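One structure is given here, and the rest of the page talks about it.
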């Protein structure tokens with residue numbers, strides 16, 4: 104089976120930096136995705152990591168360590184519109200499907 | 003433009019009724035998926051299909067049924083056997099491999 108853990112909630116200040124962690128235990132790991140989901144809407148793709156290291160894309164970066172079963176999403180220069188749920192999801196070989204964590208609800212305050 | 007269309011956006015069901023949620027894609031993707039999301043929760047896999055005329059149970063398939071008669075369509079039926087069907091339902095597709103999902107806009111089902 105698979106187990107994916109994320110913090111339930113986080114709060115940060117506009118303009119600041121926040122790091123959302125994700126740990127996973129899975130067989131046949133084949134990559135990790137981060138999605139952003141605003142309330143009542145479908146998730147939207149943020150990043151994909153399959154190799155160890157940091158992937159940077161504008162204000163968002165994602166890091167992966169396969170040996171530690173660990174990833175994080177880094178959001179810089181936070182804006183109010185970044186208030187959303189952030190979902191960590193693992194892609195497994197053989198199943199051709201994503202398994203999602205429960206999501207981290209981020210609240211950005213003034 | 004290519005994409006995934008889910009309908010209806012809102013659906014109300016009386017207890018004991020079956021209802022069918024529609025999911026259509028024009029992306030020519032082979033794989034399609036149904037997930038359920040409860041408030042404050044992540045997505046849980048109900049059913050998925052890798053090719054036409056074939057589908058597999060996900061983690062919470064009880065009380066649901068699907069069909070995949072056409073590549074473009076993957077409807078989900080919520081049967082009366084599903085005891086707690088009120089949730090947000092998301093359909094997704096994938097063109098194969100590790101390209102991630104394209105999601106539909108979702109259907110919010112409420113039992114009244």
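Chains as they are written, first to last, in my numbering: chain P, 104 to 213; chain H, 3 to 114. From the three backbone atoms N, C-alpha and C, an ideal C-beta is built for every residue, glycine too. All of these numbers come straight from a predicted model, not from anything done at the bench.
Is the beta carbon of residue j closer than 8 angstroms to that of residue i?
i: residue 137(P); j: residue 165(P); result: yes
i: residue 214(P); j: residue 139(P); result: Residue 214(P) lies beyond the stretch modelled for chain P, which goes from 104 to 213, so this question has no answer here.
i: residue 120(P); j: residue 113(P); result: no
i: residue 27(H); j: residue 95(H); result: yes
i: residue 58(H); j: residue 33(H); result: no
i: residue 181(P); j: residue 189(P); result: no
i: residue 107(P); j: residue 197(P); result: no
Helix or strand or just coil, what does DSSP make of residue i?
i: residue 185(P); result: helix
i: residue 231(P); result: Outside the shown range of chain P, which is 104 to 213, sits residue 231(P), and nothing can be said about it.
i: residue 111(H); result: strand
i: residue 167(P); result: strand
i: residue 145(P); result: coil
Along the chain, where does the beta strand (DSSP E) that runs through residue i open and close?
i: residue 55(H); result: No beta strand (DSSP E) holds residue 55(H); DSSP gives it neither H nor E.
i: residue 88(H); result: It is not in any beta strand (DSSP E) - residue 88(H) carries neither H nor E in the DSSP assignment.
i: residue 38(H); result: 33–39
i: residue 75(H); result: Segment: none, residue 75(H) is in no beta strand (DSSP E) and carries neither H nor E.
i: residue 139(P); result: 132–140
Under 7 angstroms (Cβ pairs) to chain H, residues found in the region 146–164 of chain P: 146, 148, 151 and 153
Within 7 angstroms of chain H by C-beta, residues of the region 188–202 of chain P in sequence order: 190, 194, 199, 200 and 201
Residues from the region 94–105 of chain H in contact with chain P, defined by Cβ distance under 9 angstroms: 94, 96, 98, 99, 100, 101, 102, 103, 104 and 105
Chain P contacts from the region 41–68 of chain H (Cβ-Cβ distance under 9 angstroms): 42, 43, 44, 45, 46, 47, 50, 52, 58, 60 and 61
Residues of the region 11–42 of chain H with Cβ closer than 8 angstroms to any Cβ of chain P, in chain order: 33, 35, 37 and 42
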